[in-house]
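When we follow UniProt numbering, the leftmost residue of the sequence shown carries the number 1, and every step to the right adds one.
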Amino acid sequence: MTEGNLELSIVGIGDARRLRVSAPSAAALADFEGTAAESATGSVLDGPLSAANAVAVRTHVPSLRPQPIGLRTSAGVGDRLGLAAPGQVRAFQKFGAGIVPIFAQQSAREMDRLGRMPQQVLDDATFGCLQAGWDGPVGADADHLKSTAEIDRCLDAGFTLFTLDPGEFVRHIEGTVTAQQLEDVPWGDLEDDLESMTRRYADFTMEVGDGILRLSEVDVFQAAAKYGAAVAYTVSMYRHLMERATYPVEVEVSVDETDDVTTLAEHVYMATELKRLGVEWVSFAPRYVGSFEKGVDYIGDKQVLYTSLANHTHIARAFGPYKISLHSGSDKFSIYEGAAQATGRLVHLKTSGTNYLVAVDVASRFDQELFRNIYAVSRDAYRGTRASYQVSARLDRTPEPHEVPDERLHDLVTAFDSRQILHVGYGAVLRTEDGQGASPLAASLRELLAAHNDAYESELEAHIGRHLTTFSEKS
């Protein structure tokens with residue numbers, strides 16, 4: 001990639017990759033670390049894929065600096081290994097016209113389980129984009145943040161999209177809201193009271209789709225009891241973020257990882273209260289009807305989902321506009337066309353673990369022993385890891401590793417139960433039991449992916465491309 005008077009490239013494969021920078025003089029290489037040598041046309045630096053060099057790359061290649069994306073159609077693709085960006089770039093280049101990519105996307109939960117720092121996530125994406133020649137805009141998503149400490153870590157690294165997740169403060173309301181539940185709403189934090197809120201929503205109506213949405217007093221009380229504390233916590237995180245940010249950032253609000261569906265009335269309540277309290281956000285992830293489980297297709301009535309998405313989009317346009325965010329969006333191939341139509345492409349698609357499954361699939365084809373070990377560790381860890389994710393896989397519906405012949409191992413990557421087990425078992429596979437470093441399995445998997453780099457990148461291109469093509473601009 002040529003930028004100004006510099007020629008930047010990545011040489012080598014996998015963990016043996018290095019940064020190479022050519023310049024007309026040694027002085028032009030001052031921002032980079034490594035070994036410089038004179039050449040016939042100037043100086044050439046060979047350096048590590050270090051944090052300092054990532055900063056230097058982003059300094060000299062402005063397009064690789066993460067930026068707010070705004071209302072443009074976008075997709076986040078995650079990367080648990082830090083090796084997927086080149087294949088992901090190929091997918092966006094071929095299938096993602098009009099979609100702004102977020103290559104640096106990882107939740108605080110995943111970073112903690114993998115022992116990855118936010119800076120490492122961002123830097124891996126930077127070097128991967130440079131390697132594959134990406135020259136378009138990019139974002140960087142600090143996903144599912146639940147605390148101000150997590151916000152600070154990702155701000156320091158340079159992330160630009162902050163997905164605030166107040167899901168732990170969403171209350172389950174059984175039946176009619178009680179007086180005690182209304183009293184428990186944190187009115188002080190909301191700068192509100194029951195009487196003022198009731199007046200604010202009196203006779204509220206709005207057009208939604210082909211009908212009229214009317215909020216009764218029961219609807220409003222239900223929404224406040226269920227989401228009041230979540231709104232208050234979101235506001236506190238948002239204000240902290242805005243006080244600390246020294247560069248442009250944007251916000252997504254996510255309540256998708258909760259048990260109860262977000263009704264249209266509850267969406268209106270959250271949007272109204274967040275706006276009243278000064279929050280500006282670019283995308284919203286409600287808890288949808290049906291089930292967006294990890295690694296598998298949508299479970300539920302698709303027509304009901306499309307109607308719901310269209311109605312949520314009407315609310316998002318009225319109160320924002322802001323995008324509807326599809327979390328756990330990977331592998332939901334049967335609903336992409338309907339979702340794109342329902343949202344009018346005012347949408348953000350989030351995928352993550354499916355990229356890791358591509359790497360695991362490469363192992364199933366090229367190193368059966370390694371794959372069996374990955375599968376065995378994932379099965380052993382499943383009872384503990386499943387608690388953090390929306391999954392319904394059952395161990396008793398999956399075979400033992402030794403029961404599957406080599407030629408059928410690929411089927412374990414695609415079958416519902418074993419695919420989910422592999423999907424959520426990444427932490428046990430990639431980290432040592434004490435969590436203090438990468439596991440031998442992680443090292444073996446990385447070596448395998450380097451040895452079969454072409455197959456890995458091609459499979460990523462095809463698989464992520466299937467996610468993008470329906471949401472892309474049509475010529």
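For glycine and all other residues, C-beta sits at the position ideal for the given N, C-alpha and C.
- Among the bridge pairs identified by DSSP, Pro101 is matched with Ala75.
- A distance below 6 Å between beta-carbons, with the five flanking residues on each side excluded, links Gly76 to the following residues of its chain, in chain order: Ile102, Gln105, Asp141, Lys350.
- In terms of Cβ geometry, Ser444 and Leu409 do not form a close pair [threshold 7 Å].
- The three-state reading of DSSP puts Thr2 in strand, counting E and B together.
- Contact fails between the stretch 166-181 and the stretch 126-138, because fewer than three Cβ pairs, one in each stretch, are under 8 Å apart.
- If you draw a straight line from the Cα of Leu412 to the Cα of Arg419, it comes to about 6 Å.
- Ser236 and Leu277 have their C-alpha atoms some 10 Å from each other.
- C-alpha of Phe92 to C-alpha of Ser334: approximately 20 Å in a straight line.
- With contacts defined by Cβ atoms closer than 7 Å, Lys226 and Gly465 do not form a contacting pair.
- The continuous alpha helix (DSSP H) containing Met197 extends over residues 194-200.
- Counting of Cβ neighbours within 10 angstroms places Pro286 among the buried residues, the total reaching 16 or more.
- The count of Cβ pairs closer than 8 Å, one atom from the stretch 238-248 and one from the stretch 206-225, stays below three, leaving the stretches out of contact.
- The alpha helix (DSSP H) runs lying completely inside the stretch 277-338 and spanning 4 residues or more are 302-319, given in chain order.
- Annotated as distal: Tyr389 and Ile421, with beta-carbon spacing of 7 Å or more.
- At the C-beta level, Gly12 and Arg18 come within 7 Å of one another.
- Of the other Cβ atoms in all chains shown, fewer than 16 fall within 10 Å of the Cβ of Asn5; this residue is therefore exposed.
- Cβ-Cβ distances below 7 Å link Ala28 to Asn5, Leu6 in the same chain, with the five nearest sequence neighbours on each side left out; the list follows chain order.
- Secondary structure note for Asp256: it is in no beta strand (DSSP E), with a DSSP letter that is neither H nor E.
- Collapsing the DSSP output to three states places Ser22 in a strand.
- For Ser283, the number of other beta carbons within 10 angstroms of its own is at least 16, and it is reported as buried.
- Restricting attention to Leu161, Ala223, Val55, the CA atom closest to the CA of Thr178 is found in Ala223.
- Along the length of the stretch 427-475, whole alpha helix (DSSP H) runs at least 4 residues long occupy 440-451, 453-468, reported in chain order.
- With contacts defined as CB atoms closer than 7 Å, Ala310 and Gly209 qualify as a contacting pair.
- Closest option to Arg239, judged by alpha-carbon separation, among Lys474, Gln120, Thr148: Thr148.
- Closest by C-alpha distance to Gly98, out of Thr160, Glu33, Arg72, Ser107, is Arg72.
- Excluding sequence positions up to five before and after His463, its CB lies within less than 6 Å of the CB of Val358, all in the same chain and listed in chain order.
- In its chain, beyond the 5 residues on either side, Leu215 have a beta carbon closer than 6 Å to the beta carbon of Phe204.
- When only Cα atoms are considered, Ile315 and Ala428 end up about 41 Å apart.
- Between Ser107 and Asp143, the C-beta gap is smaller than 7 Å, which places the two residues in contact.
- For secondary structure counted as the alpha helix (DSSP H) over 4 or more consecutive residues, the stretch 113-159 holds these complete runs in sequence order: 118-132, 148-157.
- Ser439 is positioned such that its CB atom lies closer than 7 Å to that of Arg431.
- A distance of 7 Å or more separates the beta carbons of Ser325 and Lys294.
- In the three-state DSSP reduction, Asp396 falls in the helix class (H, G or I).
- Just measuring C-alpha positions, the residue of Ala54, Gln181, Gly175, Thr59 sitting nearest Pro118 is Ala54.
- A direct Cα-Cα distance of roughly 45 Å separates Val89 from Glu191.
- For Ser63, there is no enclosing beta strand (DSSP E), as DSSP marks it with neither H nor E.
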